[in-house]
Each structure stands twice: as structure tokens, then as C-alpha cells.
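In the numbering used here, the protein residues as written are 82 to 728. Even glycine gets a Cβ: it sits at the ideal position worked out from N, Cα and C.
Structure representation (C-alpha cells):
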């Protein structure tokens with residue numbers, strides 16, 4: 082099977098004459114992409130003559146009698162893609178995880194934990210399927226319930242967009258219908274990258290809540306960053322392994338060499354960059370799986386936020402000033418970069434950028450650099466601080482202070498008004514982005530919009546969450562806070578990371594032209610969402626949760642060991658000081674006994690002296706003075722011992 086492209090000069094389809102060969106959204110009608118099956122013995126010159134003859138006999142033959150034919154890739158049917166050892170090892174590892182988890186779950190259920198080794202039992206309990214499933218289903222009293230629905234629905238929107246984009250990359254047979262639909266919904270589709278800013282905002286919000294600023298507890302930056310790294314890296318490792326070992330067996334159509342093969346080769350080349358959390362800065366065009374640019378960006382912003390909060394705990398006033406400065410810089414950087422490089426106000430998604438997304442999207446600093454995408458994260462930090470300090474359970478329904486009889490009605494009225502305003506402004510952000518594409522370019526205007534559109538979007542999403550928590554918004558709050566969304570939201574990261582394999586499998590295995598249909602697009606998206614959720618559930622229960630439990634166990638054990646060492650040192654010091662106290666007290670007791678004996682002897686001698694007419698009052702008084710001196714010495718010694726002990 083050979084994949085080839087045929088450039089054309091113009092196209093005439095039926096009664097429709099298309100004079101322009103490129104639409105306003107960069108959809109090109111001047112190139113055909115064909116996949117042709119020929120005998121394996123055929124060579125390039127023979128294929129060229131065959132395709133020219135086939136083209137002249139088709140309805141396109143009158144367009145260009147001498148087309149330029151480019152033969153790109155060749156695939157031999159039913160030929161094994163290569164060494165399958167990596168795939169077999171991956172499947173064996175997946176099965177081994179299930180076996181280990183099953184054994185550990187059975188052991189924790191049947192065995193007496195009191196008679197087991199404590200460390201071994203903790204390690205085994207980390208793989209307990211029941212407890213990990215309970216954690217997945219559980220919700221805390223301080224959970225922001227509406228965020229469960231928002232996180233899952235955001236993941237679904239991402240899946241729908243990627244299904245649409247992969248169909249555009251495959252070039253549907255009814256391309257004119259696709260162009261009409263894209264034109265009809267372009268005001269919303271062309272600036273959908275702000276959906277990812279919702280993820281950034283929620284990530285910052287949850288990070289701030291994990292700091293628990295209302296308690297004033299100190300955090301350990303090293304532990305926080307280590308936990309964050311392992312929270313993100315396990316699924317990332319699986320994605321790399323699947324891309325390298327399994328993708329040759331997932332796709333096999335004519336489009337495989339053009340798209341999927343590129344993903345496999347990129348992962349083989351830059352997998353180590355991804356593990357170092359540098360994929361969005363180093364070799365961005367060759368990043369392993371394009372959707373993974375979010376992972377290092379999220380980690381960088383979490384690391385910066387953790388350090389800022391740690392400095393804030395050391396010096397509150399200085400930390401506030403520093404956070405304000407960093408936030409202002411994050412607002413200015415996108416605008417400054419846009420102004421200096423004369424860029425568009427937004428990264429507009431059209432046919433050209435989607436078809437060559439590694440060039441126009443993942444290799445674009447405005448899209449993937451962490452410091453350019455930082456402002457929505459800081460908006461989330463602010464929202465998280467508000468929700469942590471001013472608990473919604475204590476400040477529920479505080480939007481309006483009205484009379485009790487009209488309280489419920491008035492609160493709903495103000496909440497609905499605020500909700501309508503937030504949705505209108507959010508729609509304005511989506512519409513205004515693509516509008517800059519068709520305006521006369523103004524560098525200052527583009528820089529201004531580039532600096533503010535993402536933080537404003539994040540602020541609107543944060544305001545919506547605050548509105549649901551502090552206001553009374555009927556139906557919407559109940560729906561987003563539905564208990565079904567609680568476990569699904571915890572699977573949303575896995576859905577985001579896994580769905581792209583199924584999206585590519587859906588289209589790149591085609592042997593016939595794709596067909597664009599909105600209903601079919603939603604149907605395919607729902608199917609991919611379900612399959613991705615199942616895979617994310619497997620990764621969560623059998624990989625992520627057990628390994629994260631082990632990481633937490635190691636960090637807790639080290640912390641406990643350090644505390645035990647400190648306690649041992651304190652106990653040894655206290656014991657040493659106690660021995661000193663006993664020695665001093667014993668010495669004081671001996672001195673007191675000695676002086677008591679001397680006193681009795683003096684009394685005896687005084688009695689004898691008085692009988693003999695000798696006056697010993699002066700000596701007796703001197704002896705009596707020695708006793709207080711000895712007691713004073715003892716008191717001073719005790720004071721010194723107490724000081725050493727306190728020190």
C-alpha cells in the first residue's frame with residue numbers, strides 16, 4: 082500500500098466551481114491524498130504511471146492533465162511490524178499488577194494484622210484493592226463538589242475536540258461539509274485552548290487547599306514536590322511504554338506512517354526529557370505524545386507555587402509582596418512576548434495548525450511554555466486560599482443580606498444574575514479570540530489580549546466555582562455536585578492522558594475516506610470517553626494508588642525516623658541531666674548528714690563545756706552558719722541543673 086499526494090490547480094465538482102483553493106480557515110482543496118493498493122513487486126516508476134492513468138480516468142482528470150505525484154510511504158500488507166518483545170513485556174507487566182494486587186488484597190483480608198510484621202503489612206496494604214477503591218469513591222467534608230463535575234466535563238470536552246481535530250487531520254471525504262461546520266462554529270472552536278486553562282486554574286486551587294492555610298501548619302517543599310512528581314509520572318511512564326511498544330499494533334492504515342509513526346519515533350527520541358519534566362521546553366516539536374506538554378507545565382507551576390507559599394510562611398509580609406510580583410510578571414509575559422515577536426493574539430486552531438500541529442502548537446512557546454501559561458494557575462491559588470480560609474460550610478449563602486422571608490428567592494435571583502454574567506463573559510472570551518484573526522493586525526492590541534484573555538477566563542471559571550459554593554444556584558450546583566462525578570473526576574487525569582491513543586486508533590486505521598458528521602463525532606467521543614475511563618480506572622487501582630501509597634509510606638517512615646532520633650537524643654540528654662541531679666542530691670545528703678553529726682557533737686561538747694564552765698556559743702554560732710551555706714550551695718546547684726536541662 083502506498084500513500085501519495087497529488088497537487089491540483091483548481092477543482093470543479095459537479096455544478097460547483099471553486100475558484101479559491103484555500104478557505105479563510107486554511108482548508109486547502111488543491112491537494113488530494115490517496116492510498117493505493119498495488120502488488121508488492123511494483124516499484125515507484127510503475128506506480129507513478131498507474132496513478133496518472135487512474136487520475137485521468139477519474140472525474141478530476143480535467144482539472145490537471147499533468148499532476149505532480151509524490152509517493153511518500155509504502156506498507157507491505159500482513160507484515161509483522163517488528164520485534165514484539167516490548168509488547169509482550171508490557172502485557173505481562175499489566176497482568177502481574179493484577180496478580181500482585183489480588184494477592185495483597187486477599188492477605189490483608191484473611192491474615193491477622195496484629196501478628197504480622199508491621200512494615201511488611203504496610204507495604205502489602207498499599208496494594209489493597211478494597212481500600213484504594215474506597216479512596217476513589219470517597220469524598221471529604223471540605224470537598225468542592227461542583228469541581229467534580231467541572232473536571233470530568235472538561236475532560237469530555239477535550240476528548241470531543243481531539244476527535245474533531247483528528248478527523249480534520251485525516252481529511253474527510255465530505256470536506257466541504259466539514260468546512261461549513263467549522264465556519265459555523267469557528268467563533269467557539271478556534272479558541273478552545275482556553276479549556277486547558279480551566280485545568281490549570283483547578284490545579285492551583287487544589288494545591289492551595291492541600292496546604293491548609295487555615296491551620297497555619299508548616300509545609301515541607303521537598304516532600305510536596307516529590308509527591309507531586311510521583312502523582313504525575315506513573316501514568317506518563319505508561320503512556321511512553323505504550324507509544325513505543327504497542328502503537329505499531331494499534332494502527333495499520335495508510336495514515337499510520339504520516340501521523341502515528343511520528344508519535345512513536347518522537348517517544349523513542351525524547352522519553353527521557355519527559356521524565357525530567359522538561360518536555361515543554363526541550364525539543365518541543367519532538368515531544369512524546371503532544372498532549373503530555375501539560376504534565377511538565379503543571380509540575381513547574383506547582384513547584385513555583387510551593388516555594389512561594391513556603392517563603393510566605395517564613396515571612397508573611399515578604400511572601401505577599403513576592404507573590405504579587407510574580408503574579409504581575411505572569412500577566413505581563415504573554416503580552417510582552419507577543420508584542421516583541423509580532424504574534425497573533427491567540428493560537429487560533431484552523432486546518433493548517435491542526436494538520437501540522439507539531440509545528441504550530443507544540444513548538445509554539447505561547448502555547449506550551451510554563452511561564453507563559455502561569456497566570457491561570459495563580460488565579461486558582463487565590464481562589465483556593467479563599468475557599469480554605471472562608472469555609473463554604475460557614476459562609477454559605479452570603480451573596481445577599483436580605484430579610485429572612487425573602488432570603489431564598491433573593492439569593493437565587495442574585496446567583497442566577499451572577500451566573501448569567503459569568504457565562505456571557507466566558508462566551509465573549511471565546512468569540513473575541515478568533516475575531517483578531519480577521520482584523521487588521523495591531524501589535525499593541527494583540528499583546529493586550531494575549532496578556533489578559535487566559536487569566537480572565539480562569540477568573541471567570543473560579544468565580545463560577547465560588548458562586549456555586551457561596552451562593553444559591555439551582556439545578557446547576559446539584560448537577561455538577563452529583564455523587565457520580567466524584568470518582569469520575571479523580572479519573573479525569575488518566576482519561577486525559579489515555580484518550581489520545583483511542584482517538585488516533587479511530588481514524589488512522591481507516592482504509593476508506595473519513596466522513597464528517599457531528600452526530601457521529603459525539604457518538605465516537607462518548608465511546609472513547611468510556612474506554613478511556615475504564616483504562617484510567619485500571620491504572621488508578623492497580624498502579625497509581627499502590628505506588629503513591631508506597632511513596633507516602635517511605636516519606637512518612639523517614640519523617641518518623643528523624644523524629645525518633647530527635648526523641649532519643651532528648652531522652653539521652655534528660656537521662657544525663659537526671660544522673661547529674663542525683664549525684665548532686667546525693668552529695669548534698671551526705672553533707673547534710675555530716676553537718677548533722679557535727680552539730681550533735683557540738684551540742685554534746687557544749688553541754689560538757691557548760692558543765693566545765695567553758696563558753697562555746699561563738700563556735701556553735703559559727704557551726705550553725707555553715708548549715709545555711711551548705712543549703713544555699715545545694716540550691717544553687719539545683720538551679721544550674723535546671724538551666725542545663727532547659728537548654
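Out of 563, 550, 266, state which residue places its alpha-carbon closest to the alpha-carbon of residue 220. 563
Excluding the five sequence neighbours on either side, which residues of its own chain have a C-beta within less than 8 Å of the C-beta of residue 391, listed in chain order? 300, 302
Cα-Cα, which of 388, 314, 320 is closest to residue 377? 314
Can you tell me where the alpha helix (DSSP H) with residue 357 in it begins and where it stops? Neither: residue 357 is in no alpha helix (DSSP H) and is coded neither H nor E.
Could you give the C-beta distance for residue 541 and residue 507, rounded to a whole number, given that I count them as a contact under 8 Å? 5 Å
Looking only at C-alpha atoms, which of 387, 360, 353, 514 sits nearest to residue 431? 514
DSSP state of residue 563, grouped into three classes? coil
Counting Cβ pairs closer than 8 Å, one from the segment 539-559 and one from the segment 458-476, do we hit at least three? yes
Tell me the rounded alpha-carbon separation between residue 188 and residue 625. 20 Å
Please determine, among 610, 568, 517, the residue with the shortest C-alpha to C-alpha distance to residue 587. 610
Restricting to Cα atoms, I'd like to know which of 505, 108, 363, 174 is closest to residue 248. 108
How long is the line joining the alpha carbons of residue 387 and residue 403, rounded to whole angstroms? 13 Å
Cβ contact check for the segment 266-275 and the segment 361-374: 3 or more pairs under 8 Å: no
Taking residue 415 as the reference, give the member of 168, 535, 164, 571 with the closest Cα. 535
Cβ-based neighbour list, residue 570, same chain, cut-off 6 Å, excluding 5 preceding and 5 following: 229, 232, 233
What number of angstroms, rounded off, separates the C-alpha of residue 412 from the C-alpha of residue 123? 59 Å
Just grab the DSSP bridge partners of residue 222 for me. Answer is none; residue 222 lacks a bridge partner.
Between the C-alpha atoms of residue 528 and residue 418, what's the straight-line distance to the nearest angstrom? 8 Å
Let me know if residue 337 comes out buried or exposed under the rule of 16 or more other beta-carbons within 10 Å of its beta-carbon. buried
Take every Cβ of the segment 418-428, pair it with every Cβ of the segment 441-459, and state whether three or more of those distances are shorter than 8 Å. yes
With distances taken Cα to Cα, identify the nearest neighbour of residue 590 among 290, 342, 225. 342
Could you spell out the range, first to last residue, of the alpha helix (DSSP H) harbouring residue 591? Element bounds for residue 591: n/a, residue is neither H nor E.
Hey, how far is the Cα of residue 510 from the Cα of residue 519? 16 Å
Residue 409 versus 438, 443, 459, residue with shortest Cα-Cα distance: 459
CB residue 473 to CB residue 218, shorter than 8 Å? no
Near residue 629, what residues of its chain come up, given a Cβ to Cβ distance below 7 Å and the 5 sequence neighbours on each side ignored? 311, 312
Mind checking who residue 103 pairs with in its DSSP beta bridge? 109
Assign residue 720 to one of two classes, buried (16 or more other C-beta atoms within 10 Å of its C-beta) or exposed (fewer than that). With a pLDDT of only 38 at residue 720, under the threshold of 50, the placement of this residue in the model should not be trusted, and no figure is reported.
Express the C-alpha separation of residue 429 and residue 532 in angstroms, rounding to a whole number. 15 Å
In terms of residue numbering, what span does the alpha helix (DSSP H) encompassing residue 260 cover? 256-265
CB of residue 606 within 8 Å of CB of residue 117, strictly: no
Burial state of residue 554, where buried means 16 or more other Cβ atoms lie within 10 Å: buried
Look up residue 207 in the DSSP assignment and say whether it is helix, strand or coil. coil
Which complete alpha helix (DSSP H) runs does the segment 519-565 hold, if anything under 4 residues is left out? 524-551, 557-561
Beta-carbon proximity list for residue 581, same chain, < 7 Å, skipping 5 on both sides: 243, 370, 372
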